[in-house]
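Protein sequences appear in the order of chains A and F. Numbering of the first sequence is given in my numbering, commencing with residue 63 and proceeding in unit increments. Numbering of the second sequence is given in my numbering, commencing with residue 63 and proceeding in unit increments. We put the beta carbon where it would ideally sit given N, CA and C, even for glycine. Bear in mind that the values here come from a model prediction, so they are computed numbers and not experimental data. Have a look at the structure below, then the notes.
Number of protein chains: 2
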Amino acid sequence: MTYASTRTVHDLYPTRGSEEVLTGRVDPVVWSEPGTPGPMWAHELESFERDGFLSVDELVVGAQDLPRTPHDARIGGEGREHLADPVDLEHGAHFAGVRLHDGPLVGQRRRVTQQPVHLVPVDVHLVDVHQSRINVKPGFGASGFYWHSDFETWHAEDGLPHMRTVSVSIALTPNHPTNGGLMIMPGSHRSFLGCAGATPKDNYKKSLQMQDAGTPSDAALTKFASACGIKLFTGKAGSATWFDCNAMHGSGDNITPFPRSNVFLVFNSVENRPSPPFAAPVRRPRYIASQDFTPVG
Amino acid sequence: MTYASTRTVHDLYPTRGSEEVLTGRVDPVVWSEPGTPGPMWAHELESFERDGFLSVDELVVGAQDLPRTPHDARIGGEGREHLADPVDLEHGAHFAGVRLHDGPLVGQRRRVTQQPVHLVPVDVHLVDVHQSRINVKPGFGASGFYWHSDFETWHAEDGLPHMRTVSVSIALTPNHPTNGGLMIMPGSHRSFLGCAGATPKDNYKKSLQMQDAGTPSDAALTKFASACGIKLFTGKAGSATWFDCNAMHGSGDNITPFPRSNVFLVFNSVENRPSPPFAAPVRRPRYIASQDFTPVG
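The following block contains the structure:
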């Protein structure tokens, strides 16, 4: 594995300095040329480009076979995210079995999708899995995740130079209006909010539970939400939302007895190889940020 | 002021014992005889009787004049409930100005409704104000309120013998699907969940911020939610929800920048005079539980 270069990469998106800075997005949202063949309709790509997300009613067939009871969802503690080691991840077009790195085997080698996963927002077949995780909110007061742009972290701490990465959040349990579903500010992916404050060493150990460095100010969130509004995503098990790496998103807590578990898979273009971190003293471990750049497709 | 009697009142709804106990509701939901004239339609009363709530799109005209900016809503701290001293409350059919007991004057003597407030779920003109408060969730992570039945507390700690009390939650700010609005389990008001655990002295001092005594178990909430489902209430400023005193309700947190403030007014039948507390060592102070039984109407 080599970095894209050694520190000659220009930092397009400054962050974690002394002040919060707003920077316009330089990168395209959809990287393929208009008219490039792919599994998505043109109007779907246009919608993704405009809003920064695209919802699919039934991406995964058979999601009900994955862990979704309160008991299962409690594995490893409440309200935490569980990272899957990419080594243990059967990623790709047809399988997305996930092993919890601190828990028992869950869904390993189990068929969770019988359709090809559509990766058109990034280049088809030219992606690797940057990160994968299960977000478990078992209910009865499980906490949410505060507002953030994933790219802000991946740029600062993992060295991804460009916004050429897309996530998909797949519901393993019904996402009701009441159990802490994903919220996105539509259109927020077009502006990059560089956050104030330096990155502490080993920040990743707690940033997966509660945001610290990389947290937007109240004033910035007010500006973003006033301009963009907030969309809450709901859907049955197997529904999914693709969203851009720079979309401002978060989720509330879950006091209902209905667990809310989603698998997140993050696909990065193989042409978007990481530089050294742009704003962190150390790179995060590879079970958080993959250094395996083998294309998925 | 005298109690309804001195401890000869039968305890219809045991709670705060060594175990959680489910008791069927003995009291009616609508106390008036069928066909009694009043400002609500028969189908509205039937709906209230069945579900334990009734929503009104625009109960209050002029709610936008009340404090609703993040700055205003921050008065007195985040995510706390502010109790209004009934002495300072201009209650009744046309005024509902409220003074925060630990903050500046807010909305005092301001006309918040130009329509009579409809109290038909209890006896018209035969109610007093048992409690009034503003629930302030300024956003950016303000916490919610865990599941509870108000009557459980009012019975245990204030000595209300019967379920003859109704609340109205009036939105001072828009209640979006995303900013921690009221959630009710429809139909839950027909069963009384007696909670396990004795009431500590001065419980009220922290129970208004976080539930402690009077908290349902996970198992009971799962049973209630599976049978009843959960309804989330949304609406513009001025919209309102009437709900029965025994409805199981709660609310999630609010990480959005959109503040969510609601006024709660609680009307108790003058025929439902409090006994000594059924399950607490001391009565709560009168700014929480009124001892003024003057009819409103």
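Asked, Found
"Beta-carbon spacing of phenylalanine 213 of chain A, threonine 235 of chain A below 8 Å", "no"
"Contact belief for aspartate 280 of chain A with glycine 206 of chain F at Cβ below 8 Å, rounded distance in angstroms", "Rounded, the Cβ-Cβ distance is 19 Å, inconsistent with contact."
"Within chain F, the residues that proline 239 of chain A reaches when beta carbons sit closer than 7 Å", "Pro239 and Leu294"
"Secondary structure, beta strand (DSSP E): runs of 3+ residues fully inside the stretch 208-268 of chain A", "227-233, 244-246 and 253-256"
"Rounded C-alpha distance that separates proline 278 of chain F from glutamate 82 of chain F", "8 Å"
"Cβ pair alanine 302 of chain F, leucine 121 of chain F closer than 8 Å", "yes"
"Residues near alanine 341 of chain A in its chain [Cβ-Cβ closer than 7 Å; skip 5 each side]", "Thr77, Arg78, Ala218 and Thr261"
"First through last residue of the beta strand (DSSP E) which encompasses arginine 322 of chain F", "322-331"
"Any chain A beta carbon closer than 8 Å to aspartate 280 of chain F", "yes"
"Helix, strand or coil at arginine 87 of chain A according to DSSP, with G and I counted as helix", "coil"
"Rounded separation between leucine 86 of chain F and tryptophan 93 of chain F - CA only", "In the sequence on display, residue 86 of chain F carries glycine and not leucine. Their Cα atoms are separated by approximately 17 Å."
"Cross-chain neighbours of aspartate 315 of chain A in chain F, by beta carbon under 7 Å", "Gly206, Gly314 and Asp315"
"Contact with chain A by proline 319 of chain F, beta-carbon distance below 8 Å", "yes"
"Outcome for tryptophan 103 of chain F when other beta-carbon atoms lying within 10 angstroms are tallied against a minimum of 16", "exposed"
"Cβ shell of histidine 192 of chain A (< 8 Å), same chain only, five flanking positions each side left out", "Trp216, Asp220, Leu222, Thr227, Val328, Phe329, Asn330, Ala351 and Ser352"
"Per-residue contacts from methionine 245 of chain F into chain A (C-beta, under 7 Å)", "Thr240"
"Simplified DSSP state of histidine 303 of chain A, which is helix, strand or coil", "Correcting the residue type first, residue 303 of chain A is threonine in the shown sequence and not histidine. Of the three classes helix, strand and coil, the one that applies to threonine 303 of chain A here is strand, per DSSP."
"Whole-angstrom distance between phenylalanine 320 of chain A and tyrosine 75 of chain F, CA atom to CA atom", "28 Å"
"Delimiting residues of the alpha helix (DSSP H) encompassing serine 313 of chain A", "First-last for serine 313 of chain A: 310-313, but that is the beta strand (DSSP E), not the alpha helix (DSSP H)."
"In DSSP terms, what phenylalanine 115 of chain A is bridged to", "A:Phe305"
"Contacts of tryptophan 209 of chain A in chain F (Cβ-Cβ under 7 Å)", "Ile317"
"Proximity test, Cβ basis, 8 Å: threonine 277 of chain A and chain F", "no"
"Beta-carbon gap between isoleucine 246 of chain A and phenylalanine 305 of chain A smaller than 8 Å", "yes"
"N- and C-terminal bounds of the alpha helix (DSSP H) containing serine 279 of chain F", "Taken as a continuous stretch (DSSP letters only), serine 279 of chain F belongs to no alpha helix (DSSP H), as it is neither H nor E."
"Bridge-paired residues (DSSP) for leucine 294 of chain F", "F:Met245"
"Contact list for glycine 79 of chain A against chain F, beta-carbon separation under 8 Å", "Within chain F, no residue comes near glycine 79 of chain A; the closest Cβ sits about 22 Å away, beyond 8 Å."
"Coarse secondary structure for histidine 105 of chain A, derived from DSSP in three states", "helix"
"Contact with chain F by glycine 203 of chain A, beta-carbon distance below 8 Å", "yes"
"Alanine 341 of chain A, DSSP secondary structure in three states", "coil"
"Those residues which DSSP pairs with serine 204 of chain A across a bridge", "Just to set this straight, residue 204 of chain A is alanine in the shown sequence, not serine. Looking at the DSSP assignment, alanine 204 of chain A forms a beta bridge with A:Asn316."
"Cα-Cα separation, proline 347 of chain A to asparagine 265 of chain A", "11 Å"
"Burial state of threonine 98 of chain A, where buried means 16 or more other Cβ atoms lie within 10 Å", "exposed"
"Pairwise C-alpha distance: arginine 252 of chain F and threonine 318 of chain F", "34 Å"
"Residues that alanine 287 of chain A contacts on chain F, provided the C-beta gap is smaller than 8 Å", "Thr318, Pro319 and Phe320"
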